[in-house]
Each structure stands twice: as structure tokens, then as C-alpha cells.
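Peer 1: Sharing a structure with you now.
There are 2 protein chains.
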Amino acid sequence: MTESAPDPAVRAKTRIQRENEEKILEAALEVFSAEGFRGSTIDRIAQEAGMSKPNLLYYFRSKEEIYRAVLDATLDGWLDPLRRIDPAGEPLDEIRAYLRRKLEMSRENPRASRLFANEVIRGAPLIMEELTGTLRELVEEKAAVLEGWIAEGRMAPVEPRHLLFAIWATTQHYADFQVQVQAVLSADEGAAIDGAQAFLDTLFLRALAPR
Amino acid sequence: MTESAPDPAVRAKTRIQRENEEKILEAALEVFSAEGFRGSTIDRIAQEAGMSKPNLLYYFRSKEEIYRAVLDATLDGWLDPLRRIDPAGEPLDEIRAYLRRKLEMSRENPRASRLFANEVIRGAPLIMEELTGTLRELVEEKAAVLEGWIAEGRMAPVEPRHLLFAIWATTQHYADFQVQVQAVLSADEGAAIDGAQAFLDTLFLRALAPR
DNA sequence: GGAATTGTTGACCATGCGGTCAAACTGGCG
DNA sequence: CGCCAGTTTGACCGCATGGTCAACAATTCC
């Protein structure tokens, strides 16, 4: 009650709070990305985080609250590569760089990719707002940039939204369908993504180069 | 016991058996594709199939048996478009036709695509054998065909396995990530796939045309 | 019709799971 | 130390879920 300075409803987080919340989010990403929301259990996440179930529920009030937290914590990072497409850059260089960033995400954080894949396949019950809001607006913004480049004759004329879909699909494929890729090639994930980078550069840059 | 002709352990299926098994597989595809294995319940599938849970379990002995059955029933159809790539055909025509067939599958049977996506994201616990067996061999066979075409200078030199990944990823994207596609465009699925067809034709055919 | 086979289901069981709670323990600070 | 907010957990509750079973209903075949 007797808070001196700021918002009395929000107390500063203790060291233990910060540490445990981080442990929980890490564990939740591991479990939710592999099992999906309904397939995951609080017990499993607690075990992964090295604490008891009631203790985990001391930090997050419900399974859905954990899920939302880990989705939110991951969403920004997912959108970032797209945000960084620079209207002032050289079109094909920007697209190549975007491919790199997305592939790098598939290599470094495949769990984040699978987390979203799971959520979206289910019909995106919890992130529909972000899809029709933030994502849609960002896509429109970048689509306009691409259309500008096309109008200037600096890249081949294609529907920019479908181009973005194709980039998402091809890059995230190496995270979401990792076991399939590895079953077909017999390479580890790193090697597969190296091959992917060479291939996708060729595919997109040849197709998008102005005539 | 007293079977006259063939395998005494396998009796011919009755009309009711055939009808009900079909109803169950249809319902199971609906539910498993939307919820994944762990997220689905037998009760839900039984309800969708219009019968009681014990009745459903009279035809399939466990949840996993239903799941395997629906996976098997869908797998062949999933592989078929790839099988139909004709070594005697014109390379770019064959690839265009393959794209068409895969996109058509995303339009006509998105549930099958999502069923596999769910399974593979989870690490393909039940179809790993098919991935490293049937699929891998089929990919090797078709990769050899593509490499032959490349050696003959009839299409651009690219790693054929990654080309197949890219085709799978881009076409199945419209089924697996349907809600995202619809959130970003504001078109219905049919219209989105029409746009996809035009775009993917351009993307792959421009990239793969021999210089 | 009637027997045998096939099909159907309400009731039930055991387990798993999300979530609660009271009681105990701990860390930081005067 | 001694206090107290903050932290931890064993035990528990209620409900959902996979699966069983015995009894009942419908078909099939003579």
C-alpha cells in the first residue's frame, strides 16, 4: 500500500523474479514450440524450467498467460527482419539481405519459427490481431516500397505480397520442417541452411533481376 | 473360423464397416489437421463423425490407430504430384505442372497439408520412416531427373533438392498458413491461390529458365 | 421366424492435467 | 538477530480424456 514514488500497483521486480521469469519463458518456448499449446503441459514446462508447478504458477497465473508471454516475447524478433528492409537501399541487395536475416533466424532460433507455425496452423486464435494489425500494416508498407522499386524498373514486376509469402515460406521451411529436410538430405541443419542460402539467392535474385 | 477361400484372419468388410470407417477418417482428418495429435480428442472426432466414442473405438482400437490410418490414407495423395514429374517432358513445363498440382492440393485439400505440417513440426514421430524411406528415395529419383535436365542445359543449374523444398514450402504455405495469408491480403483463399499461381510461375520459371 | 454375427452405447474406471491453498521456508534489511 | 515480503511446495480438487465393458439393438443368413 504505502508506495513512496511510482505506480503502487507495479512493484519493481526482484532478482529472483527476473531470473525465474526468464527461465520460464525459455522453458515455455522449448515446450510450446515442440508440442503446440494444447499438447504442452504446465508440469512439463515447470520440469524444463527446473521448478515445481505451483512455483511456476506463482509467476504466471495460467498456461495461457505463459503462452501469450512467450508469443509476445518472440513476435518482435520475428518481425524485425522485415522492418529492416530499407527503402533507400538497392532492391536486390535489400532482398538478399532480407533472405539472409530470415535464414539466420531459422538457423539460430528455429523454435520461435515453430512456435508461430503451430499457432498459425491452428488458426492463430491468439495472434489474429497482430496478423490483421501490425503484420498487415507492415506488409502494406513494404509492399509499397517494392512496388516503387518495380515502377522504377529496378526489379522485375511481381506481386510484392506474394513475394513476401514466398520468402517467409522458403526460409522458415528450414526451421519448421527441419526433420523432413534432414531426412531428405542427410546433412545437419547448419549444412542444409548453407545450401539453402546459395539456392535461395539464385532463385530470388535471378527471378527478380530486371530484364 | 470356417472361411472357405482366402486369409481366415481377415474377413471381408461389411457395408456398415466401410461407411463408418470412411466417416471416421474424414472426421479424423478434420480434427487432427486443426488440432494436432495431442490437441485432438476421441470424443471430438466421434462427434464430428456422428457416432459415440465407444462406437468409434469399435472400429479403431486407439487414438493413435486412427491417426496412423488417416496419415497413411493421406500420404499417397501427398506424394503423387511429385511422382508425376515426367523425365520425358519439357523441364519448365514439368515444373509448371508440378507447381499447379501442388497449389491445387493446397486449394482442394488444405487439411491434408496441415495434417502433415503438424506431424513434421513435432518431429515426425510417426512418419519418420516414410520420410527417410519412400520420400527420400523419390526425391533422389527426381533430383537425378532434374540434374539430367541441368546437364543438358535445359534449365538453370540449381541444387534440385532445395528446389523441391522451395516448391513444397511456397505451395503448402497457402494451406498451412491460410489464416495468415488471408489476414494480410483480404482475399478469400481461392483468390489468394490464384494470385499465388501467377506469382510462383514467374518466380520459378524466370529463375529456372536456361540463360 | 430365429440364431448368430455385427453394430451401438451408457456407465464406468484410471490417469493426466490445470489450477488452488495453506503451510513452510528464504533472503534481504534495519 | 528478528522481521516480513517474497518464494516454494506437497497435498489436494475437479474436470477432461483415453479406453473398457456388459448389455442391448440391428443385420444377416438360414
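Quick note, the sequences are listed as chains V and H, same order.
Okay, so the first sequence: first residue is 1 according to my numbering, each after it adds one.
Okay, so the second sequence: first residue is 1001 according to my numbering, each after it adds one.
Idealized CB from N, CA, C, for every residue including glycine.
Relative to the C-alpha of Asn88(V), which residue among Lys142(V), Pro54(V), Asp194(V) and Glu30(V) is closest?
Peer 2: The sequence given here has Ala at residue 88(V), not Asn. That would be Lys142(V), whose Cα lies nearest to the Cα of Ala88(V).
Peer 1: Report all residues from its chain with a CB closer than 6 Å to the CB of Arg1107(H); omit the five preceding and five following residues, and keep chain order.
Peer 2: Same-chain partners within the cutoff: Ile1193.
Peer 1: Does Gly153(V) come within less than 8 Å of chain H when only Cβ atoms are used?
Peer 2: It does not: the Cβ of Gly153(V) has no partner Cβ on chain H nearer than 8 Å.
Peer 1: Who are the neighbours of Val274(V) on chain H, taking C-beta pairs under 7 Å?
Peer 2: Because chain V is modelled from 1 through 211, residue 274(V) falls outside the range shown and cannot be assessed.
Peer 1: Going along chain H, which residues have a C-beta under 7 Å from Gly225(V)?
Peer 2: Past the boundaries of the shown model lies residue 225(V); chain V is included only from 1 to 211, so the question cannot be answered.
Peer 1: Which same chain residues, not among the five before or five after Arg101(V), have their C-beta less than 6 Å away from its C-beta?
Peer 2: Excluding residues within five positions, the ones whose Cβ falls inside 6 Å are Pro81.
Peer 1: Using alpha carbons as the reference points, say which of His1173(H), Ile1095(H), Thr1134(H) and Asn1109(H) lies closest to Thr1212(H).
Peer 2: Because chain H here runs from 1001 to 1211, residue 1212(H) falls outside it and cannot be looked at.
Peer 1: I need the straight-line Cα distance from Asn118(V) to Gln1047(H), nearest angstrom please.
Peer 2: If I take the Cα positions, the gap works out to 24 Å.
Peer 1: Is it a yes or a no for the region 162–178 of chain V touching the region 1168–1178 of chain H, going by three-plus beta-carbon pairs under 8 Å?
Peer 2: Flag = yes, the region 162–178 of chain V and the region 1168–1178 of chain H touch.
Peer 1: Just the C-alpha distance for Tyr1234(H) and Arg15(V), rounded to the nearest angstrom, thanks.
Peer 2: Summary: the structure shown does not reach residue 1234(H), with chain H confined to residues 1001 through 1211, and so no result is reported for it.
Peer 1: Just the Cα atoms here: how many angstroms apart are Leu218(V) and Gln1180(H)?
Peer 2: Chain V is shown from 1 up to 211; residue 218(V) falls before or after that span and cannot be answered.
Peer 1: Under a CB-based cut-off of 8 Å, is Leu75(V) close to chain H?
Peer 2: So, not an interface residue.
Peer 1: Counting along the chain, where does the alpha helix (DSSP H) carrying Glu1108(H) start and finish?
Peer 2: Pro1091 to Glu1108 is the span of the alpha helix (DSSP H), which, as asked, contains Glu1108(H).
Peer 1: In angstroms with no decimal places, state the Cα-to-Cα distance between Leu1115(H) and Gln1182(H).
Peer 2: Distance between the alpha carbons of Leu1115(H) and Gln1182(H) is about 19 Å.
Peer 1: For Pro91(V) versus Arg154(V), is the C-beta spacing smaller than 8 Å?
Peer 2: Yes, the pair counts as a contact, with Cβ atoms nearer than the cut-off.
Peer 1: For the pair the region 65–82 of chain V and the region 123–138 of chain V, tell me if three or more CB-CB distances fall below 8 Å.
Peer 2: Verdict: yes, contact present.
Peer 1: Ignore the nearest five residues each way along the sequence and tell me which others in Arg1018(H)'s own chain have a CB closer than 6 Å to its CB.
Peer 2: Around Arg1018(H): no qualifying Cβ.
Peer 1: Are any of the Cβ atoms in chain H nearer than 8 Å to that of Tyr88(V)?
Peer 2: Residue identity differs from the one stated: residue 88(V) is Ala in this sequence, not Tyr. No, because no Cβ of chain H sits closer than 8 Å to the Cβ of Ala88(V).
Peer 1: Going residue by residue through the region 153–208 of chain V, where are the continuous alpha helix (DSSP H) segments of at least 4 residues, counting only ones entirely within it?
Peer 2: Segments of the alpha helix (DSSP H) lying fully in the region 153–208 of chain V: 160–176, 178–184 and 189–208.
Peer 1: Less than 7 Å between C-beta atoms, sequence neighbours within five positions excluded: which residues of the same chain meet that for Tyr1058(H)?
Peer 2: None.
Peer 1: Check the Cβ of Thr1202(H) against every Cβ in chain V and list those closer than 7 Å, keeping chain order.
Peer 2: Val158 and Ala207, listed in chain order.
Peer 1: Taking buried to mean at least 16 other C-beta atoms within 10 Å of its own C-beta, is Ala1027(H) buried or exposed?
Peer 2: Flag for Ala1027(H) reads buried.
Peer 1: Pick out whichever of Leu1075(H), Ala1012(H), Arg1122(H) and Glu1022(H) has its Cα sitting closest to the Cα of Glu1035(H).
Peer 2: Among Leu1075(H), Ala1012(H), Arg1122(H) and Glu1022(H), the Cα nearest to that of Glu1035(H) is on Arg1122(H).
Peer 1: Out of curiosity, what's the CA-to-CA distance linking Tyr191(V) and Gln178(V)?
Peer 2: Before going on, a small fix: residue 191(V) reads as Ala here, not Tyr. Taking the straight line joining both Cα atoms gives about 12 Å.
Peer 1: Can you give me the Cβ contacts of Ile1085(H) inside the same chain, cut-off strictly under 6 Å, excluding the 5 residues immediately before and after it?
Peer 2: Taken in chain order, the residues that qualify are Glu1094, Tyr1098 and Lys1142.
Peer 1: Return the first residue and the last residue of the alpha helix (DSSP H) that Ala1124(H) is part of.
Peer 2: It is not in any alpha helix (DSSP H) - Ala1124(H) carries neither H nor E in the DSSP assignment.
Peer 1: Quick one: what's got a C-beta closer than 7 Å to Trp1149(H)'s C-beta in the same chain, skipping five residues either side?
Peer 2: Answer for Trp1149(H): Pro1091 and Met1155, listed in chain order.
Peer 1: Between which residues of its own chain and Ala1210(H) is the CB-CB distance below 7 Å, once the five residues before and five after are set aside?
Peer 2: The residue asked about is misnamed: residue 1210(H) is Pro in this sequence, not Ala. Counting only Cβ-Cβ distances below 7 Å, and skipping sequence neighbours, we find Gly1153, Arg1154, Met1155 and Ala1156.
Peer 1: So what's Ser1040(H) in DSSP terms, helix, strand or just coil?
Peer 2: Coil.
Peer 1: What do you reckon, are the CB atoms on Arg1111(H) and Leu1208(H) nearer than 8 Å?
Peer 2: Cβ distance not < 8 Å, so Arg1111(H) and Leu1208(H) don't count as in contact.
Peer 1: Apart from the five residues on each side of it in sequence, which residues of its chain come closer than 6 Å, Cβ to Cβ, to Ser1040(H)?
Peer 2: Within the same chain, Ser1040(H) has close Cβ partners Val1031 and Phe1032.
Peer 1: Run through DSSP, which three-state label would Ser1113(H) get?
Peer 2: The answer is helix: DSSP assigns Ser1113(H) an H, G or I state.
Peer 1: So with CB distances below 7 Å, who are the chain V contacts of Asn1118(H)?
Peer 2: Within chain V, the residues near Asn1118(H) are Ile121.
Peer 1: Where Ser1052(H) and Asp1076(H) are concerned, what is the direct C-alpha to C-alpha distance, given to the nearest angstrom?
Peer 2: Looking at the two C-alpha atoms, the distance is approximately 29 Å.
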